Amino acid sequence: MNEAIHAPAAPNALICPCCQQAVEGREFLADPATSTITNGAITVRFTPRGFGVAKHLIDAFPRMATKDAIYDAIFCDAIGDGPEMKIIDIYICKIRPAMAELGLVIETVWGKGWRLVEADATQANAIRDAGIHSLRGRVQRWSPQDDETLMDLIRRRMKPAQCASIMRKPYMSVERRYKRLEASLDGGAA
Numbered sequence: 000m001n002e003a004i005h006a007p008a009a010p011n012a013l014i015c016p017c018c019q020q021a022v023e024g025r026e027f028l029a030d031p032a033t034s035t036i037t038n039g040a041i042t043v044r045f046t047p048r049g050f051g052v053a054k055h056l057i058d059a060f061p062r063m064a065t066k067d068a069i070y071d072a073i074f075c076d077a078i079g080d081g082p083e084m085k086i087i088d089i090y091i092c093k094i095r096p097a098m099a100e101l102g103l104v105i106e107t108v109w110g111k112g113w114r115l116v117e118a119d120a121t122q123a124n125a126i127r128d129a130g131i132h133s134l135r136g137r138v139q140r141w142s143p144q145d146d147e148t149l150m151d152l153i154r155r156r157m158k159p160a161q162c163a164s165i166m167r168k169p170y171m172s173v174e175r176r177y178k179r180l181e182a183s184l185d186g187g188a189a
């Protein structure tokens, strides 16, 4: 069963409850059977729990979704038990790049929760490629100089976590680059 999640266009636009402004957007199709979300052009597959978190954020769009609300909706069982609350942060980190592919940025509202904002292609690509936190104006771009620094650390047999700490970059971003550069070093040595 497919469920259409609407952030409708102009004629019957969604009205923001806070500022009473029309919110223009896109239509997203969520399929719980396959754990996929489609924006019309791109389909992204999620794990079942990742899908639940993503769908909860889309349902709350343009409002903020609190950590407690996401936890209660996705992770609590019938008797109220579930994993540690920190699991929400982990799932948010895991689904960020996939949501960026759909043109949505998960923006952190510090101490409260998360909300979705529509992203332009440049911002979405930066998030997907770097795997970084998505606050506007705070995108940490990966430069050629960063590649040189990381190559030097790899040659010195540093692990990804050590490299991230030394470079003061997000671990996921460094780990992704580390694997690519390490493979190119191994390929160049053969």
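Numbering that gives the first Met the number 0 puts the sequence shown at residues 0 to 189.
Glycine included, each C-beta is placed from N, C-alpha and C at the ideal position.
Everything numeric in this text was worked out from a predicted model, so none of it was measured.
Check	Outcome
Report yes if the CB atom of residue 152 is closer than 8 Å to the CB atom of residue 56, and no otherwise.	no
So, using beta-carbon positions, are residue 52 and residue 36 closer together than 8 Å?	no
Taking the alpha-carbon positions, what's the residue 97 to residue 47 distance?	14 Å
Mapping the DSSP letters down to three states, classify residue 83 as helix, strand or coil.	coil
Taking all protein chains shown into account, do 16 or more other C-beta atoms lie within 10 angstroms of the C-beta of residue 154, making it buried, or fewer, making it exposed?	exposed
Mapping the DSSP letters down to three states, classify residue 27 as helix, strand or coil.	strand
Can you tell me whether residue 48 is helix, strand or coil according to DSSP?	helix
Would you report the Cα separation of residue 38 and residue 156, rounded to the nearest angstrom?	43 Å
Could you check the C-alpha separation between residue 86 and residue 170 for me, to the nearest Å?	18 Å
Since residue 114 is in the beta strand (DSSP E), which residue starts that stretch and which ends it?	112 to 117
Buried or exposed: which applies to residue 108, given that a residue is buried once 16 or more other Cβ atoms fall within 10 Å of its Cβ?	exposed
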